[in-house]
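Engineer:
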Amino acid sequence: MTLPGTPPEPSPHDEVDEEIRFHLERKVERLIARGMPRAEAEREAARRFGNVEEVRMKMRSEVRRRRRSDRVRQWFDEWSQDVRFAARQWRRNPGFTLVVVLTLALGIGANTAIFSVVDHVLLRPLPYPDADRLGVLWTDVSRRGGPADEWLSYANFVDVVEGTPAVAEGALWGGFNPTLTGRGEAMAVSGAVVTEGMFSRVLQVEPVIGRGFLPDDDRPGAPNVLVVAHDFWRDVLGAPPEVAGTTVLLNDVPYEVVGVMPADFRPPFVPDARIWAAPQLDPVGQAQNRGGFSWRSVVRLAPGADFDAARTAIDGLAARLESDHPQSNTDMGFALLELRDDMVADARTGLWVVLGSVVLLLVVACVNVANLLLARATSRTAELSVRSALGARRSRLVRQMVAESVGLALMGGALGVLLGVVGTRLLVALAPAGTPRIESVAVDLRILAVTTVVAVGAGILFGLAPALQVSGRNLQSRLREEGRAGLGGRSGLRLRNALVAAQVALALVVLVGAGLLTRSFDNLRTVDLGFEPDRALSFFVNLPVSRYPEGDEIRPAIREFEQRLAAVPGVERVGTINSLPLSGFDGDATFFIEGRTPPPPGQESAAWLRRVTPDYREAAGLRLLSGRWIESADEAGGVPVALVNETLVERHFPGENPIGRRIDFGEPGGALYEIVGVVADIRHFSIRDDRREAVYLAFDQVPTRSAFVLVRAAEGRDPSLLAPEVRRVVSDLDPSLAAQRITPMADLVADALAADRFLTTLLNLFAAATLVLAVVGLYGVVSVSVGARLRELGVRMALGAEASGIAGLVVRRALLLVGIGVGAGIVLAFMGTPVLASLLYGVRADDPLTFLLVAGVLVTVAAGAAAVPAWRASRVDPVKVLRAE
């Protein structure tokens, strides 16, 4: 601190010149004392002293260095004093310190956790060389009324890859879920079939042991070979140093293990796959099935090629294929997407929405802290005025306040990082299954660096703004305002009022988003599924072709499953289907109605085919709308029968009775299926709108080796308790089989809702936190306002104002702030909620009811927050207030 009247510090030039003059005069005086005349003494003194200018420059440099060192030491001393002073202030005001630290920790922790997820899932490149050149090719049948991301046929894929110079490499993949035997108990294994080149040329990841697939491995009749994941090699094979000659049995077929992938390898398809096999495709046969969409792909662009140019070339090629193959390719195109974009397509919007909500939460937290620090700074006006009167520099006062706020921000940031680490782990644990790359999410140095910058920046901003406002005013006016208006005067209250209105506006935006998602989730949760998931347990069986080659072996096996399971105590009904609702399985086929002119190529109708046993309807709880269900008499060799769903009837038999009509599936010499019944639509692929045409066929007439068995438990029984019996029955019937995916149907429904539940829960949590912070900010400002207006309120009461009138005045002014914030928030919400449209179900993004409900809740809670200081204002004793004045 520099006291008034203290002389300024001399410049380095003056100090050095004075020092040189002193030494020269001393020498002159000594020479004169020896009897030398003054003029001669001065010349001799200068000669002995040496080059004066050189000495002067050296001394000036040394003085500047010393002063710099002194200033740095003084700066550190002052900062250490400021930090110690700040620590004393924190200890003297523990409640204030705790509120500020927790508020910042909440905002920073939430942002750390969510940004960690967004960074790993959406922003980081995929872990493959030149990952920005990887893409996915889909068949686009939107002109036919189908999806723009349909699977591919082998022939079309080969034509696109070979006919597009911008596409350097491509490979196909498909599902592969065999049963592993010969190594203990039969075990289902997740895997995929991939064409040669997928690992080596497309993803460019090589095995760490052995080799990958060779061109000869992919030819029909080639020996069956297998590449395995690192954990499969370790846990199942026993981690042999060499895998050559190692054989495993999959579906009773021997496969030689030829390679082991790296431990950190996760393919962009089937990320939990443990084995990969070659499909051994017949190019001639595949070329004749150009309309069969059975494959998915990954492609790699050529160096220097970009996706826009590749899409343009592929569009031109699609037009030529449509001309060359009108029977299969009419109204068909192709969609090329970047691989990362395709992987995160389902999660992208939801994650950005959550990140936006936590950013708003952080902003509200920062505004809240700014309000608290501003109120605290203005409450110290008298202290700062006295210190300024005693000579404290304005810069020193500002620095002390900044030191306090930066320290608070760093404490809040440190606690926020801890909350962020815990929150990130919770998010990873609770994230819906299938969220891409969620297993790699963690708080790393990049996130910590961003958090540190945010904390320090927030601390400087929070401390600087109030300090400049408080310290920058005239001392006399500060003291006068302190006496008349209290904390910060009218200008300070106006600023804090504006900040509270901003908090309310931002809180309303987050609350509206949470309200819309909550209503959407409630609509999804109560939607009519078309089947009854309660008390139902499902499992999947895959019968190997070696023991179940034809229908004569398949039908008795499935019938035996059903009969043995039906005999288990507590089982009410057992049925079988080839593609269970919400399981991700299904297959479609083009169908034609007898007696009608076939449509032009490319405009044929397709329906999803489901093969069911007689008891499946009651096991699943399907609703029969007309006609009859599959019966035991509908067996192989009998009249082929089919049921259709209501969507197919609405589109192809409007105003007609389809019972008795016949359909076929376009196979030369194929059977005609008589429609014997109509069933209600079901939500097969997702809980959201799923109106797709479907045909149900008798399982005995078109058997399949892969099937889901559905077991309905008796009333009051938990279906999950039947899982051990399911495993026992399957093992007793065939020890080489494994009951796969044993899951209660209610869990499948819950899994289908998991992404919506996760997003809704997160947004509601952040909305609640934002609301609490906004209400705390309002409460603080109203309390400060009441304290600042004690004299006015005392005068009003002395003049006869009722206590209820005083309380009403306080509440009305608080609600005025809330009203301004709500108005601004509604405008912001109307501008921002359209991004939620793709996430909503059964509710519009501008739903007025949600806006009104949220505004009503916000106003009600705000009125409650203002009621406490209003009550305190109504209890003011005018005599004491006026006496204090």
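When you line the sequence shown up against the working numbering, it's residues 882 to 1766, in that order. Virtual Cβ for every residue (Gly too), placed ideally from N, Cα, C. Just so we're clear, the structure is a prediction, and the values are computed from it rather than from any experiment.
I'd like to check one pair, Thr1020 with Phe1174: are the Cβ atoms closer than 7 Å?
Structural biologist: Yes, they are a contact pair.
Engineer: In this structure, how does DSSP classify Val964 when only helix, strand and coil are distinguished?
Structural biologist: It is helical.
Engineer: According to DSSP, which residues form a beta bridge with Trp1157?
Structural biologist: BP columns for Trp1157 point to Ala1073 and Val1108.
Engineer: Measure the C-alpha to C-alpha separation of Met1626 and Trp1489 and round it to an integer number of angstroms.
Structural biologist: If I take the Cα positions, the gap works out to 21 Å.
Engineer: Please report the distance separating the alpha-carbon of Ala1323 from that of Gly990.
Structural biologist: For Ala1323 and Gly990, the distance between alpha carbons rounds to 13 Å.
Engineer: Helix, strand or coil: which one does DSSP assign to Ser1401?
Structural biologist: Reduced to three states, the DSSP call for Ser1401 is helix.
Engineer: With a Cβ-Cβ cutoff of 7 Å, do Gly1072 and Ala1052 count as a contact?
Structural biologist: In this structure, Ala1052 does not lie closer than 7 Å to Gly1072 by Cβ.
Engineer: Which of helix, strand or coil does DSSP assign to Arg1638?
Structural biologist: Here Arg1638 sits in helix by DSSP.
Engineer: Please say whether Ala1383 and Gly1706 have beta carbons closer to each other than 7 Å?
Structural biologist: Not closer than 7 Å, so no.
Engineer: Going residue by residue through the region 1107–1183, where are the continuous alpha helix (DSSP H) segments of at least 4 residues, counting only ones entirely within it?
Structural biologist: Within the region 1107–1183, the complete alpha helix (DSSP H) runs of at least 4 residues are 1111–1116 and 1164–1168.
Engineer: Assign Ser1286 to buried or exposed, taking buried as 16 or more other Cβ atoms, counted over all protein chains shown, within 10 Å of its Cβ.
Structural biologist: Buried.
Engineer: Flag this pair as touching only if the region 1233–1252 and the region 1023–1040 have three or more C-beta atom pairs under 8 Å; answer yes or no.
Structural biologist: Short answer: they don't touch.
Engineer: So, are the CB atoms of Thr1060 and Ala1049 less than 7 Å apart?
Structural biologist: No, the Cβ-Cβ distance between Thr1060 and Ala1049 is not below 7 Å.
Engineer: Closer than 6 Å by C-beta to Leu1107: which residues in its own chain qualify, once you throw out the five before and the five after it? Chain order, please.
Structural biologist: So the qualifying residues of the chain are Tyr1136, Val1138, Ile1156 and Ala1158.
Engineer: Should His1838 be labelled buried (16 or more other beta-carbon atoms within 10 Å of its own) or exposed?
Structural biologist: Coverage of the chain is limited to positions 882 through 1766, which leaves residue 1838 absent and any answer about it impossible.
Engineer: Out of Arg965, Ile1511, Val1691 and Leu979, state which residue places its alpha-carbon closest to the alpha-carbon of Gln1281.
Structural biologist: Among Arg965, Ile1511, Val1691 and Leu979, the Cα nearest to that of Gln1281 is on Arg965.
Engineer: When the Cβ atoms of the region 1555–1569 are set against those of the region 1418–1436, are three or more pairs found closer than 8 Å?
Structural biologist: Judged by Cβ distances under 8 Å, the region 1555–1569 makes no contact with the region 1418–1436, as fewer than three pairs qualify.
Engineer: For Leu1602, count neighbouring C-beta atoms within 10 Å of its own C-beta (all shown protein chains included) and say buried if the count is 16 or more, exposed if not.
Structural biologist: By the neighbour-count rule (16 or more Cβ atoms within 10 Å), Leu1602 is not buried but exposed.
Engineer: Nearest to Ser1238 by alpha carbon, out of Ala1710, Val1337, Gly1297 and Leu1721?
Structural biologist: Of the candidates Ala1710, Val1337, Gly1297 and Leu1721, the one whose C-alpha sits nearest the C-alpha of Ser1238 is Ala1710.
Engineer: State the Cα-Cα distance for the pair Ser1755 and Val1250, rounded to the nearest angstrom.
Structural biologist: Those two C-alpha atoms are separated by around 28 Å.
Engineer: Using the three-state DSSP reduction, which class does Ile1556 fall into: helix, strand or coil?
Structural biologist: Here Ile1556 sits in strand by DSSP.
Engineer: Pro1160 and Val1074 - do their beta-carbons sit closer together than 7 Å?
Structural biologist: Result yes, Cβ atoms of Val1074 and Pro1160 sit closer than 7 Å.
Engineer: Classify Ser1427 as buried or exposed, calling it buried when 16 or more other Cβ atoms lie within 10 Å of its own Cβ.
Structural biologist: Under this definition Ser1427 is an exposed residue.
Engineer: Just to confirm the assignment: which complete alpha helix (DSSP H) runs, minimum length 4, are found wholly within the region 977–1055?
Structural biologist: Runs found: 1035–1044.
Engineer: With distance defined between alpha-carbon atoms, name the residue in Leu1130, His1111, Asp1099 and Tyr1035 nearest to Arg1064.
Structural biologist: Checking every option, the nearest Cα to that of Arg1064 belongs to Leu1130.
Engineer: Going along the chain, which residues of its own chain have a beta-carbon closer than 7 Å to the beta-carbon of Phe1113, five neighbours each way excluded?
Structural biologist: Cβ within range, chain order: Arg1155 and Ile1156.
Engineer: Let me check understanding here. Comparing Cα to Cα, which of Tyr1429, Val1525, Leu1461 and Leu1389 lies closest to Glu1413?
Structural biologist: Out of Tyr1429, Val1525, Leu1461 and Leu1389, Leu1461 has the C-alpha closest to the C-alpha of Glu1413.
Engineer: Out of curiosity, what's the CA-to-CA distance linking Gly1364 and Leu1241?
Structural biologist: Here Gly1364 scores only 46 on pLDDT, less than 50, and its place in the model should not be relied on; the value that follows carries that caveat. So the alpha carbons of these two residues sit roughly 37 Å apart.
Engineer: Please tell me whether Glu1441 and Val1455 are closer than 7 Å, where the distance is taken between their beta carbons.
Structural biologist: No, they are not a contact pair.
Engineer: Return the bridge partner residues of Phe1080 from the DSSP annotation.
Structural biologist: Per DSSP, none; premise fails for Phe1080.
Engineer: Can you tell me which of Val1738, Pro1549 and Arg1115 puts its alpha carbon nearest to the alpha carbon of Gly1700?
Structural biologist: When each option's Cα is compared against that of Gly1700, the closest is Val1738.
Engineer: Just verifying my parser: in three-state terms, what is the DSSP assignment at Pro1207?
Structural biologist: The answer is helix: DSSP assigns Pro1207 an H, G or I state.
Engineer: Label Pro1425 either buried or exposed according to how many other C-beta atoms from any shown protein chain fall within 10 Å of its C-beta, with 16 as the threshold for buried.
Structural biologist: Buried is the call here.
Engineer: Counting pairs of beta carbons, one from the region 1391–1398 and one from the region 1643–1650, are three or more of them closer than 8 Å?
Structural biologist: Touching, per the Cβ criterion.
Engineer: Skipping 5 residues on each side, what residues in its chain have a beta carbon closer than 7 Å to that of Asn1404?
Structural biologist: If we look at Asn1404 and ignore the five residues flanking it on each side, its Cβ neighbours are Tyr1722, Gly1723 and Val1724.
Engineer: If I follow the unbroken alpha helix (DSSP H) through Leu1629, where does it start and stop?
Structural biologist: Its alpha helix (DSSP H) spans residues Met1626 to Ala1633.
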